[in-house]
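K.L.:
Just so you know, the protein sequences line up as chains U and W, in that order.
201 is the number of the first residue of the first sequence in my numbering; add one for each residue after it.
88 is the number of the first residue of the second sequence in my numbering; add one for each residue after it.
This structure is in structure tokens; I'll ask about it shortly.
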Amino acid sequence: MMQFWQQLINGLSLGAFYALIALGYTMVYGVLRFINFAHGDVFMLGAFCGYYLTPRLLPHFTGPLAPVGVTVVLVATMAICAIIGILIERLAYRPLRRMPKLTVLITAIGVSLFLEYAGQFVFGADPKAFPELMPDRALENTGALTVTTTQVAAFAVTLLLLVGLTFVVKRTRLGMAMRALSNNSTAAALMGVNIDTVISFTFGLGSALAGAAGILYAISYPSIDPLMGVLPGIKAFVAAVLGGIGNIPGAAVGGLILGGVETIVAGSAYSTYRDAIAFAILIIILLFRPAGLFGKVQVEKV
Amino acid sequence: MKSHLRIGFIALGLTFLGLVSTRAQEIVIGQYASLTGSEATFGINSSNGVALALEETNSHGGVLGGRKIKIITEDDQSKPGQPSAAVKKLVSSDKVIAVIGEIASSRSLEAAPICQEAKIPMVSPGATNARVTEVGDYIFRVCFIDPFQGTVMAKFALDNLKAKKVAILTDVRNDYSVGLTQYFKEYFQSHGGQIVMERSFSGGGTDRDFRAQLTAIKSAQPDAIFVPGYYTEAGLIAKQARSLGIKVPLLGGDGWDSPKLSEIGGSAIEGSYFSTHFSPKDSNPKVQDFVKKYQAKFGTMPDGMAPLGYDAMMVLAQAINTAGSTDGAKIRDALAGVKNFDGVTGRITIDPKRNATKAAVVLKVNSKGNDFVASVAP
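Here it is in structure tokens:
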């Protein structure tokens, strides 16, 4: 029984990563009705940002200032990834805005492959040891269960970013513009919303979250390589679909559920099915409830 | 005028002949290795060993009475599918007379049938899965095989660590890991040990999170955990195991042998044990001589894979000389007859199954240089 609770804790912290990445997928889909397959690779770039920034920034924050140093690296990575996301949108997706959705989808796959293989060329294809940003220790006083510092950090930062994102979307003008665009892009444009700015902002925000996920993931599993974003990216996509693509709280819940299920399968005697279960969930959801758990069932009025 | 022209033509002809004959003098050997990717250190270090042996052989006059050896190396990127492309190119397009490769058993198994069919001898420096040489009579190896290596760690666990209950974490994507698991289990269980739990994962860079499997293993309370995988995952598994509060030692095979093991695993993997082919701290003068030469040329300490590459190249060079020709069949027969070759990794005798019967060493992981614990003879 204890094992079940322990696996639950493991699952929640794994789910936090999927949730963070899924938020980016769901936001871009919500605003643009387009699935950005290169999102998982921005996650990878975030990890590499951390890899190169940490030795340069962290030594300036010694002793009690160390958490500040970690935050600086995190924020810097998020900023860099936001810029990367905006660049990708400008260069690869904006010129295709009037084209059929299929064209942009294929371009997204192309961008994803480009980032992966250019990454192999630039960073080297072998796995690199991610520097220790924070000590990975089990917390005391947790009884029979083990909770590590990195698990707590991942979960806490995810929660914070989720709250922050909800605030931005619900309480700011840009957020309102995003929601307007998602509702009806033509009407939004007629009402004076600058489509280009809002779209850039959406991509920037999603990519910043992916970058944060990259750092947190690299802290927990300190071996990074240019192809590390492939599988988490696809699983986060499944999580977004599970929660209802376009729905922000749905993406977060979807991520947690997926993390939980995957961990329970991985801890069982059938541990090699852990990846298969994510895709089985995708198929089942699309068969029985394609709108996802929180999605609105779109009724087409004839 | 006419005589000048004639002399000119003769000179040109001789030069051309000279060029052609120096080309014909060179002997071309192919090598495929994982120079990049998840097992990059295997390929880099074993090809370094080969390069060192090549340099020595060529500076001592080469083989077959003065012919120099040239090695063409192809990178298989630690990915399945790449070894066959690499070896096909070496065999058909570069027309090599023999192939050296690889360390990883899965990738060696992929390339072996191609060499066998082309009747080009293949010498693997470090693939330990039994099936590699079973592919055919042109496939050889200069290292021990897993039926032996599995028993080494099982024996060590029972006799030295007094561990009666062991859990196993296997990499199912990896022939080496699956094979080693099987041989470890056989010996361990038939000598009074108990395998309390078996769990698996997908290696090669896919799986990074092993907490679920480790949590399950922790609840079974083993005395030790056998992790017969490669160094990248071994490091991560050690870190996650320690953070989950698992204090028992981890055991592994020669797949752990890499300078990156301590880099990735840090303090978590310190004090765990693994079996391998060679210890750089061995006081044997042949070993120390190799270590000095390797350090002089490459600036780092050699791991277990480097001397294997060195021995593979040296054995092959000797076989070419014994065969007295570059004919594949003759080299094959010469390789099959290698007896008591004095290698850096021990005395190499190729048995009827084309494997080498050698001793294994058990090392204790130490970030400052792994400590020698025991030597186990077959």
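Heads up, the beta-carbon is just placed ideally off N, CA and C, and yes, glycines get one too.
Everything numeric in this text was worked out from a predicted model, so none of it was measured.
State yes or no: is the beta carbon of W/L331 nearer than 9 Å to at least one beta carbon in chain U?
P.N.:
Here residue 331 of chain W corresponds to residue number 244 of the second sequence, with the count starting at 1. Judged by the 9 Å Cβ criterion, W/L331 is in contact with chain U.
K.L.:
Nearest to W/P367 by CA position, among W/G124, W/S345, W/G358, is which residue?
P.N.:
Indexing the second sequence from 1 puts residue 367 of chain W at position 280. Ranking the options by Cα distance to W/P367, first place goes to W/S345.
K.L.:
What residue range is occupied by the uninterrupted alpha helix (DSSP H) comprising W/I407?
P.N.:
Position 320 of the second sequence, counting from 1, holds the residue named residue 407 of chain W. Unbroken alpha helix (DSSP H) run through W/I407: 392-410.
K.L.:
What residue from U/T472, U/S471, U/Q203, U/F234 has the CA that sits closest to U/V307's CA?
P.N.:
Within the first sequence, numbered from 1, the residue matching residue 307 of chain U stands at position 107. It should be noted that the sequence gives Thr, not Val, for residue 307 of chain U. Nearest C-alpha to U/T307: U/F234.
K.L.:
Within 9 Å of any Cβ in chain U, is that where the Cβ of W/E197 sits?
P.N.:
Looking up residue 197 of chain W in the second sequence gives position 110. Cβ-Cβ to chain U under 9 Å: no for W/E197.
K.L.:
Give the range of the alpha helix (DSSP H) segment to which U/T271 is assigned.
P.N.:
One-based indexing of the first sequence puts residue 271 of chain U at position 71. Taken as a continuous stretch (DSSP letters only), the alpha helix (DSSP H) holding U/T271 covers 266-288.
K.L.:
What are the boundary residues of the alpha helix (DSSP H) that includes U/A491?
P.N.:
Working through the first sequence from its first residue, we reach residue 491 of chain U at position 291. No alpha helix (DSSP H) contains U/A491, which DSSP labels as neither H nor E.
K.L.:
Would you report the Cα separation of W/L256 and W/F428, rounded to the nearest angstrom?
P.N.:
Here residue 256 of chain W corresponds to residue number 169 of the second sequence, with the count starting at 1. Here residue 428 of chain W corresponds to residue number 341 of the second sequence, with the count starting at 1. If you take the alpha carbons of W/L256 and W/F428, they lie about 36 Å apart.
K.L.:
Buried or exposed for U/N447, please, with buried defined as at least 16 other CB atoms from any protein chain shown within 10 angstroms of its CB.
P.N.:
In the first sequence, residue 447 of chain U corresponds to position 247, counting from 1. U/N447 should be labelled buried.
K.L.:
Using the three-state DSSP reduction, which class does W/L337 fall into: helix, strand or coil?
P.N.:
Looking up residue 337 of chain W in the second sequence gives position 250. Strand at W/L337.
K.L.:
U/L360: buried (16+ other C-beta within 10 angstroms of its C-beta) or exposed?
P.N.:
The sequence position of residue 360 of chain U within the first sequence is 160, counting from 1. It is exposed - the Cβ of U/L360 has fewer than 16 other Cβ atoms within 10 Å.
K.L.:
Can a CB atom of chain U be found closer than 9 Å to the CB of W/Q308?
P.N.:
For this step, residue 308 of chain W is matched to residue 221 along the second sequence. Cβ-Cβ to chain U under 9 Å: no for W/Q308.
K.L.:
Indicate whether W/S330 and W/A299 have their beta-carbon atoms separated by less than 9 Å.
P.N.:
Counting from 1 along the second sequence, the entry for residue 330 of chain W is found at position 243. Counting from 1 along the second sequence, the entry for residue 299 of chain W is found at position 212. Contact flag unset, no.
K.L.:
Report all residues from its chain with a CB closer than 6 Å to the CB of W/D324; omit the five preceding and five following residues, and keep chain order.
P.N.:
Here residue 324 of chain W is taken as the residue at index 237 of the second sequence, counted from 1. According to the sequence as given, residue 324 of chain W is Ile; it is not Asp. Only F297, V314 meet the Cβ criterion.
K.L.:
Does U/I309 pass the burial test, meaning 16 or more other C-beta atoms within 10 Å, or should it be called exposed?
P.N.:
Here residue 309 of chain U is taken as the residue at index 109 of the first sequence, counted from 1. U/I309 comes out exposed.
K.L.:
Does W/K379 come within less than 9 Å of chain U when only Cβ atoms are used?
P.N.:
Indexing the second sequence from 1 puts residue 379 of chain W at position 292. Closer than 9 Å: no.
K.L.:
Could you check what DSSP says for W/G415 in three-state terms: helix, strand or coil?
P.N.:
Working through the second sequence from its first residue, we reach residue 415 of chain W at position 328. Three-state DSSP puts W/G415 in a helix.
K.L.:
Please classify U/L302: is it buried, with 16 or more other beta-carbons within 10 angstroms of its beta-carbon, or exposed?
P.N.:
On the first sequence, residue 302 of chain U is found 102 positions in, with the first residue counted as 1. It is exposed - the Cβ of U/L302 has fewer than 16 other Cβ atoms within 10 Å.
K.L.:
Anything in chain W within Cβ reach of U/R298, meaning under 8 Å, just list it in chain order.
P.N.:
As a position in the first sequence, residue 298 of chain U is number 98, starting the count at 1. Residues of chain W passing the Cβ test: none, with the nearest at roughly 39 Å.
K.L.:
To the nearest angstrom, how far is it from the Cα of U/G443 to the Cα of U/G455?
P.N.:
Within the first sequence, numbered from 1, the residue matching residue 443 of chain U stands at position 243. Within the first sequence, numbered from 1, the residue matching residue 455 of chain U stands at position 255. Distance between the alpha carbons of U/G443 and U/G455 is about 8 Å.
K.L.:
What does DSSP give as the partner residues of W/S195 in its beta bridges?
P.N.:
Looking up residue 195 of chain W in the second sequence gives position 108. W/S195 pairs with nothing; no bridge assigned.
K.L.:
Using the beta-carbon count (16 or more within 10 Å), is U/Y470 buried or exposed?
P.N.:
Sequence index remark: in the first sequence, residue 470 of chain U carries index 270 (1-based). So U/Y470 ends up on the exposed side.
K.L.:
Nearest-angstrom Cα distance between W/V222 and W/S289?
P.N.:
Position 135 of the second sequence holds residue 222 of chain W. Position 202 of the second sequence holds residue 289 of chain W. Roughly 25 Å between the two C-alpha positions.
K.L.:
Report the start-end ranges of each alpha helix (DSSP H) in the region 237-323 of chain W that is 4 residues or longer and not cut off at the edges.
P.N.:
Listed in chain order, the complete alpha helix (DSSP H) runs (minimum 4 residues) inside the region 237-323 of chain W are 262-277, 298-306.
K.L.:
Run through chain W and tell me which residues come within less than 8 Å of U/R373, C-beta to C-beta.
P.N.:
Translated into the one-based positions of the first sequence, residue 373 of chain U becomes position 173. Residues of chain W passing the Cβ test: none, with the nearest at roughly 40 Å.
K.L.:
Could you pull out every residue in the same chain whose Cβ sits closer than 6 Å to the Cβ of W/V210, ignoring the five residues on either side in sequence?
P.N.:
Counting from 1 along the second sequence, the entry for residue 210 of chain W is found at position 123. I187, F227, A399, L403, listed in sequence order.
K.L.:
Taking the alpha-carbon positions, what's the W/Q281 to W/V448 distance?
P.N.:
Taking the second sequence and counting its residues from 1, one reaches residue 281 of chain W at position 194. Taking the second sequence and counting its residues from 1, one reaches residue 448 of chain W at position 361. Each residue's Cα considered, the two are about 24 Å apart.
K.L.:
For a cutoff of 9 Å on Cβ pairs, would you count U/T348 as touching chain W?
P.N.:
The sequence position of residue 348 of chain U within the first sequence is 148, counting from 1. Yes, U/T348 lies at the interface with chain W (some Cβ there is under 9 Å from its Cβ).
K.L.:
Could you name the residues of the same chain whose beta carbon sits closer than 7 Å to that of W/K176, not counting the 5 residues immediately before and after it, in chain order?
P.N.:
On the second sequence, position 89 is the one that residue 176 of chain W refers to. Taken in chain order, the residues that qualify are E161.
K.L.:
According to DSSP, W/L450 sits in a beta bridge with which residue or residues?
P.N.:
Your numbering for residue 450 of chain W matches position 363 in the second sequence. Answer is W/F361, W/F459.
K.L.:
Could you tell me whether the region 234-246 of chain W touches the region 450-458 of chain W, using the rule of 3 or more Cβ pairs below 8 Å?
P.N.:
The answer is no - the region 450-458 of chain W does not touch the region 234-246 of chain W, with fewer than three Cβ pairs under 8 Å.
K.L.:
Looking at the secondary structure, which residues open and close the beta strand (DSSP E) in which W/F428 lies?
P.N.:
Here residue 428 of chain W refers to the residue found at position 341 when the second sequence is read from its first residue. Its beta strand (DSSP E) spans residues 428-430.
K.L.:
To the nearest angstrom, report how far apart W/L267 and U/A325 are at their CA atoms.
P.N.:
What you label residue 267 of chain W is simply residue 180 of the second sequence in a count that begins at 1. What you label residue 325 of chain U is simply residue 125 of the first sequence in a count that begins at 1. Using only the alpha carbons, I get a separation of about 27 Å.
K.L.:
Among residues of its own chain, excluding the 5 on either side of W/T387, which ones have a beta-carbon nearer than 6 Å to its beta-carbon?
P.N.:
Residue 387 of chain W sits at position 300 when you count from the first residue of the second sequence. Closer than 6 Å at Cβ, skipping near neighbours: no residue.
K.L.:
Under 7 Å Cβ-Cβ, which residues of chain U neighbour W/R286?
P.N.:
Working through the second sequence from its first residue, we reach residue 286 of chain W at position 199. What W/R286 touches in chain U: S471.
K.L.:
On the criterion of 16 or more Cβ atoms from any shown chain inside 10 Å, does W/T109 qualify as buried, or is it exposed?
P.N.:
For the purposes of this step, residue 109 of chain W is identified with residue 22 of the second sequence, where counting begins at 1. With a pLDDT of 49 at W/T109, under the threshold of 50, the predicted position of this residue should be treated as unreliable, though the coordinate-derived value follows. By the 10 Å Cβ count, W/T109 comes out exposed.
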